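A.B. asks:
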Amino acid sequence: MGDPTVGGNAGRKNKNTFLNLMWTPNERLMYGIEYGYFETELADGREEDASRVMVAAQYSF
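Numbering (our numbering), first residue to last: 1 to 61.
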């Protein structure tokens, strides 16, 4: 039986997965890329998903 105080947009189950790749071509420079996948099941039974990609660079002076 559902909880009447919880709306249909409330998350019931969440999953996420991340993949990170880092590359250091020399001791002062680093590049990275991250992929994230998100999946949620809402209280009313609907399922939603999303993907995210992030890129970064770091230089040490």
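Glycine included, each C-beta is placed from N, C-alpha and C at the ideal position. From a predicted model like this one, the values you see are computed outputs, not experimental measurements.
Would GLU34 pass as a contact of ASN20 if the rule is Cβ separation under 7 Å?
C.D. replies: Contact: yes.
A.B. asks: Please list the segments of the alpha helix (DSSP H) lying wholly inside the region 12-45, counting only runs of 4 or more residues, in order along the chain.
C.D. replies: DSSP runs (the alpha helix (DSSP H)) wholly in the region 12-45: none.
A.B. asks: According to DSSP, simplified to helix, strand and coil, what is GLU48?
C.D. replies: In this structure, GLU48 counts as strand in the three-state DSSP scheme.
A.B. asks: CB PHE38 to CB ALA50, shorter than 7 Å?
C.D. replies: Contact flag set, yes.
A.B. asks: Do you know offhand how far SER60's Cα is from THR17's?
C.D. replies: Distance between the alpha carbons of SER60 and THR17 is about 29 Å.
A.B. asks: Among the residues of its own chain, which have a CB less than 6 Å from the CB of THR24, if the five just before and after it don't count?
C.D. replies: These residues qualify, in order along the chain: MET30.
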